[in-house]
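Reading through the structure tokens given below for one structure.
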Amino acid sequence: MIRLDKLLADAGAGSRSQVKEYIRKGRITVNGQVCKKPEQKVSEEGDLVCLDGQTVEYARCRYYMLHKPRGVITATEDPREKTVLDLLKGVNTAHISPVGRLDKDTEGLLLLTNDGELAHRLLAPRNHVDKCYLVRTEKPLSPADLRTLEEGVDIGDEKPTMPSRACLNEAGDLLLTIQEGRYHQVKRMLQAVDNRVLYLKRLSFGSLRLPEDLKAGEFRPLTAKEQESLRNDVAG
Ligand code: URA
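Quick note on our numbering: the sequence shown kicks off at 32 and runs consecutively.
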């Protein structure tokens, strides 16, 4: 059971003070009865809460996919820079964090959630969750470079990188699929084969694909099916 004002704020109905105002004005019903007490305890599962007659969808865990644009940092707050959370307009971002990080100059698919447990499992290298990147390189890559990237390279850490998949698309850009998420990993892997990343975009994260119609800077909640697939990515 949680307080009515907290449930409403967590569901994104408004800030804590806004939802208290809605309650005071009689705009909230619980199981069809107007409730004017913000401290009223309600059940997330059993009670039907409505704002102006519309059901308030309450989910304890919330998941969003963002097409991160370049120039925005993967952080929850920053005194100077625009963060990925600043892009989740209209969303109650309390306890929402990015799952892993993309560099400021990287764009593409970023998952954000308040489900810390799933986030942790998705990031653990032992769970082998694929992340596919489109990489534009300074110089063309040879078949030997691709083999080296696939086998694992020394990027200056204790251990070489885990095996990856590397191939070129028709435009000659690299499609690199890795299962780890070390700091600047893709850039450092390309440095290890004496090359340099000019442009980097994450196309997928586990079973999630960046939809073509999700423009840079846009986001949307994950569907129930996508949430289920992500759980399956780390099951067993
Ligand atoms: N690897 C990098 O080097 N940068 C990113 O943003 C993601 C993976």
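Note that the Cβ used here is the ideal one computed from N, Cα and C, for glycine as well.
Proximity of residue i and residue j at Cβ, strictly below 7 Å
i: Val224; j: Asp176; result: yes
i: Leu205; j: Val166; result: yes
i: His347; j: Gln210; result: As displayed, the chain neither begins before 32 nor continues past 267, which places residue 347 out of reach and without an answer.
i: Gly139; j: Arg213; result: no
i: Cys163; j: Thr124; result: no
i: Ala40; j: Val50; result: yes
i: Pro242; j: Tyr95; result: no
i: Tyr53; j: Glu75; result: no
i: Leu153; j: Val130; result: yes
i: Pro58; j: Leu82; result: Note that residue 58 is Arg in the sequence shown here, rather than Pro. Their beta carbons are under 7 Å apart, which means Arg58 touches Leu82 by this criterion.
i: Glu169; j: Arg227; result: yes
i: Asp136; j: Arg101; result: yes
i: Val65; j: Val80; result: no
i: Leu133; j: Thr105; result: yes
i: Phe236; j: Leu119; result: no
i: Leu221; j: Ala197; result: no
i: Ala155; j: Val87; result: no
As assigned by DSSP and simplified to three states, the class of residue i
i: Thr179; result: helix
i: Ala197; result: strand
i: Gln85; result: strand
i: Pro252; result: strand
i: Val50; result: helix
i: Ser260; result: helix
i: Val217; result: helix
i: Gln222; result: helix
i: Lys68; result: coil
i: Arg34; result: strand
i: Leu39; result: helix
i: Arg55; result: helix
Which complete beta strand (DSSP E) runs does the stretch 100–158 hold, if anything under 3 residues is left out? Runs of the beta strand (DSSP E) inside the stretch 100–158: 137–144.
Do the stretch 56–76 and the stretch 111–118 meet, that is, are 3 or more Cβ pairs less than 8 Å apart? no
Run the Cβ filter for me: residues under 6 Å from any heavy atom of the ligand URA, listed in the order they occur in the chain. After applying the 6 Å Cβ criterion, the set is Leu133, Asp134, Thr137, His215, Gln216, Val217, Lys218 and Leu231.
With contact counted as at least three CB pairs below 8 Å, one residue from each stretch, are the stretch 182–198 and the stretch 239–253 in contact? Counting Cβ pairs under 8 Å, fewer than three are found: no touch.
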